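Okay, so here's the structure we're looking at.
In our numbering, the protein residues as written are 58 to 333.
Structure follows, in structure tokens:
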């Protein structure tokens, strides 16, 4: 994919710098975004998002300023505004984000564009965009992406132990990796994969054979699957198992199983799903 466009912007309604809460969040995560949009209820802001992301594909982050929970996603060419509108205005995107917006109000959310690309997204180069999104997902561990079914998990509060574990996962090494990704560089798929593996390099818990067998039984089929965007047949994502896909998509495993058994294999009216 072509060189990333880094048009740094402080995109609140009156073009003022981003709020202190947002600045502290970005500093803590070592993120230098391309665009920051606050005051999302105003037409002026929506127009800015539409205008400034026109012709671009990229990776975005939706931040809850009250809880510091956030969601990371990617959008193909000319779809960044669509993703913003679906998640935060129409509330037809992530169920978790929808419930959070209904609870906290649109004024407490920020739409942040992390990376942008100028080259038109195609079946051939879409994997590069997905790789960058995957890097952010695995490095930042966004709460709104990893929670399970929206109906049962909204209102879920992490225990202090959970918070310690999540903070430990976001190590100094990961902060540096994110910082490096934000520099004005172009990375190959191979380089990104090495960065991902390095970010995930931490001590692993050892399980005995019986425990592993039980986990395999509980998780169901272990065959990897791949999702394609229904609108243009580009790759949306690849998952090592149905369980991993269900967690990432905030849907039930049974929903994916049912889609795989149908002739058209349409999942949630957005993707075509198939075994790899």
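Glycine included, each C-beta is placed from N, C-alpha and C at the ideal position.
No experiment lies behind these values; they were computed from the predicted model shown.
Straight-line Cα distance separating residue j from residue i
i           : j           : result
residue 329 : residue 286 : 7 Å
residue 154 : residue 126 : 10 Å
residue 276 : residue 294 : With a pLDDT of only 46 at residue 276, under 50, the local geometry of the prediction cannot be trusted, and the value read off the model is given with reservation. Going from the Cα of residue 276 to the Cα of residue 294 covers about 19 Å.
residue 88  : residue 147 : 28 Å
residue 290 : residue 110 : 22 Å
residue 135 : residue 114 : 6 Å
residue 283 : residue 312 : 15 Å
residue 306 : residue 327 : 11 Å
residue 297 : residue 98  : 38 Å
residue 302 : residue 96  : 33 Å
residue 304 : residue 288 : 23 Å
residue 71  : residue 105 : Note on residue 71: pLDDT 33, under 50, position unreliable in the model; the coordinate value appears next. Each residue's Cα considered, the two are about 11 Å apart.
residue 281 : residue 184 : 16 Å
residue 200 : residue 300 : 17 Å
residue 188 : residue 325 : 23 Å
residue 314 : residue 90  : 37 Å
residue 259 : residue 84  : Here the model assigns residue 259 a pLDDT of 43, short of 50, so the residue's position is not dependable and the matter cannot be decided.
residue 82  : residue 316 : 38 Å
residue 182 : residue 75  : 33 Å
Closest Cα partner of residue i within the set the options
i           : options               : result
residue 186 : 98, 292, 167 and 83   : 292
residue 132 : 158, 144, 195 and 163 : 144
residue 320 : 129, 331, 296 and 310 : 331
residue 92  : 299, 182, 141 and 201 : 141
residue 130 : 193, 310, 109 and 288 : 193
residue 138 : 156, 103, 166 and 198 : 103
residue 177 : 119, 105, 301 and 112 : 112
residue 166 : 323, 94 and 188       : 94
residue 163 : 119, 182 and 195      : 119
residue 156 : 181, 121 and 183      : 121
residue 195 : 105, 128, 181 and 83  : 128
residue 174 : 300, 314, 158 and 117 : 117
Burial state of residue i (16 or more Cβ within 10 Å)
i           : result
residue 190 : buried
residue 172 : buried
residue 160 : exposed
residue 150 : buried
residue 169 : buried
residue 202 : buried
residue 152 : buried
residue 309 : exposed
residue 80  : exposed
residue 46  : Shown here, the chain extends from 58 to 333; a query on residue 46 therefore has no answer.
residue 333 : exposed
residue 123 : exposed
residue 101 : exposed
residue 108 : exposed
residue 323 : exposed
residue 180 : exposed
Delimiting residues of the alpha helix (DSSP H) encompassing residue i
i           : result
residue 158 : 152-161
residue 314 : 310-318
residue 305 : 299-306
residue 101 : 100-109
residue 193 : 183-197
residue 133 : Run containing residue 133: none; DSSP gives neither H nor E here.
residue 78  : 77-86
First and last residue of the uninterrupted beta strand (DSSP E) at residue i
i           : result
residue 118 : 114-121
residue 284 : 282-286
residue 171 : 166-174
residue 295 : 292-296
residue 289 : Where residue 289 is concerned, there is no enclosing beta strand (DSSP E), given that its DSSP letter is neither H nor E.
residue 331 : 328-332
residue 146 : Note, residue 146: premise wrong, no beta strand (DSSP E); not H, not E.
CB-CB length for residue i against residue j, believed under 8 Å
i          : j           : result
residue 86 : residue 197 : 6 Å
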